[in-house]
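Asks: My questions will all concern the structure given below.
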């Protein structure tokens, strides 16, 4: 079974500063994908960034980047130049490639950007 | 691309009643997923369809739950004899099944309250 652990239930960051959200996972799969999703208050969940497990290079999307450590099964999200609109729940997700591409989500980290 | 839509947004029902939710995925997406999310938790997988075939069901999906996707387009999730423990946000998501790294696109969810 796959498990995804987010050990930081809540975090806060000053506007324009940098924050890192942690995520670890456990799997016996060798090939998989990892995602970070953002869920703003009362709004739908949207994709922030994705990472293929077979790629060593860390993914980046504008102000968002990941630190993927496959051996350690760690997948942290770094948000640079934090903006008020980044306030949301952030979920780390694991997708296995076999049997339906099922996604497994962590419990989330609530991020508040302080003006 | 109108996104994934779910109806209704909110449903309040009395214990013991049946409820049905509808999800319309993005039109070209052949995979459709149902997730349940309770307060403070990440989404938990319930079931998924590829086209009209229901390929996987979670053990969370008791006999009171049934999902259909009759023509491979919209899907319905029915809960019979609702219980207070069924109160949650029910999320629908869709993806392009042919792409290994296809992320999930989520709807706004249906919030169920069982009184």
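Chains as they are written, first to last, in our numbering: chain A, 60 to 174; chain B, 98 to 212.
Quick reminder that beta carbons are idealized off the backbone N, C-alpha and C, glycines included.
In this text the structure is predicted, and so the values were computed from the model without any measurement.
#1: Any heavy atom of the ligand MG closer than 8 angstroms to the CB of residue 101 of chain A?
#2: Can you give me the C-alpha to C-alpha distance between residue 83 of chain A and residue 135 of chain A, rounded to a whole angstrom?
#3: How big is the Cα-Cα spacing for residue 104 of chain A and residue 97 of chain A?
#4: Could you work out which residues of chain A lie near residue 232 of chain B, taking near to mean beta carbons separated by less than 7 angstroms?
#5: For residue 94 of chain A, return the contacting residues in chain B, with the cut-off set at a CB-CB distance below 7 angstroms.
#6: Beta-carbon separation of residue 212 of chain B and residue 181 of chain B under 9 angstroms?
#7: Near residue 111 of chain A, what residues of its chain come up, given a Cβ to Cβ distance below 7 angstroms and the 5 sequence neighbours on each side ignored?
#8: So, does the CB of residue 70 of chain A fall closer than 9 angstroms to a CB anywhere in chain B?
#9: Alpha carbon to alpha carbon, how far is residue 114 of chain A from residue 186 of chain B? Give it in angstroms, no decimals.
#10: Consider the Cβ of residue 187 of chain B: report whether some Cβ of chain A lies at a distance smaller than 9 angstroms.
#11: Quick one: list the residues of chain A neighbouring residue 169 of chain B, beta-carbon separation under 9 angstroms, in chain order.
#12: Report all residues from its chain with a CB closer than 7 angstroms to the CB of residue 135 of chain B; omit the five preceding and five following residues, and keep chain order.
#13: Skipping 5 residues on each side, what residues in its chain have a beta carbon closer than 6 angstroms to that of residue 121 of chain B?
#14: Write down the C-beta distance between residue 139 of chain B and residue 86 of chain A rounded to the nearest angstrom, noting that I regard them as a contact closer than 8 angstroms.
#15: Quick one: what does DSSP say residue 181 of chain B is sitting in, helix, strand or coil?
#16: Classify residue 143 of chain A as helix, strand or coil using the three-state DSSP reduction.
#17: I'd like to know whether the C-beta of residue 105 of chain A is nearer than 9 angstroms to at least one C-beta of chain B.
#18: Residue 144 of chain A: buried (16+ other C-beta within 10 angstroms of its C-beta) or exposed?
Replies: With the structure as the only source:
#1: Here there are no bound small molecules, and the ligand MG is not part of this structure.
#2: Walking along the first chain from the start, residue 83 of chain A turns up at place 24. Walking along the first chain from the start, residue 135 of chain A turns up at place 76. Taking the straight line joining both Cα atoms gives about 8 angstroms.
#3: Along the first chain, read from residue 1 onward, the residue named residue 104 of chain A stands at position 45. Along the first chain, read from residue 1 onward, the residue named residue 97 of chain A stands at position 38. About 6 angstroms.
#4: Nothing about residue 232 of chain B can be reported from this structure: the residues present for chain B run from 98 to 212 only.
#5: Taking the first residue of the first chain as position 1, residue 94 of chain A is located at position 35. Result: 200.
#6: Along the second chain, one-based indexing puts residue 212 of chain B at 115. Along the second chain, one-based indexing puts residue 181 of chain B at 84. Going by C-beta atoms, residue 212 of chain B is nearer than 9 angstroms to residue 181 of chain B.
#7: The residue given as residue 111 of chain A occupies position 52 in the first chain. If we look at residue 111 of chain A and ignore the five residues flanking it on each side, its Cβ neighbours are 92.
#8: Along the first chain, read from residue 1 onward, the residue named residue 70 of chain A stands at position 11. Not closer than 9 angstroms to any Cβ of chain B, the Cβ of residue 70 of chain A fails to qualify, so no.
#9: Taking the first residue of the second chain as 1, we reach residue 186 of chain B at position 89. Taking the first residue of the first chain as 1, we reach residue 114 of chain A at position 55. Whole-angstrom Cα-Cα distance: 34 angstroms.
#10: Here residue 187 of chain B corresponds to residue number 90 of the second chain, with the count starting at 1. Cβ-Cβ to chain A under 9 angstroms: no for residue 187 of chain B.
#11: Counting from one through the second chain, the residue named residue 169 of chain B turns up at place 72. What residue 169 of chain B touches in chain A: nothing, since even the nearest Cβ is about 16 angstroms away.
#12: Locating residue 135 of chain B in the second chain gives position 38, counting from the first residue. Within the same chain, residue 135 of chain B has close Cβ partners 185.
#13: For the purposes of this step, residue 121 of chain B is identified with residue 24 of the second chain, where counting begins at 1. Contacts found: 102, 171.
#14: Position 42 of the second chain, counted from the start, is the residue given in the question as residue 139 of chain B. Position 27 of the first chain, counted from the start, is the residue given in the question as residue 86 of chain A. About 16 angstroms separates the two Cβ atoms, so there is no contact after all.
#15: Indexing the second chain from 1 puts residue 181 of chain B at position 84. Here residue 181 of chain B sits in helix by DSSP.
#16: Residue 143 of chain A sits at position 84 when you count from the first residue of the first chain. In this structure, residue 143 of chain A counts as helix in the three-state DSSP scheme.
#17: Numbered from its first residue, the first chain carries residue 105 of chain A at position 46. Judged by the 9 angstroms Cβ criterion, residue 105 of chain A is in contact with chain B.
#18: Looking up residue 144 of chain A in the first chain gives position 85. Exposed: under 16 other Cβ atoms inside 10 Å.
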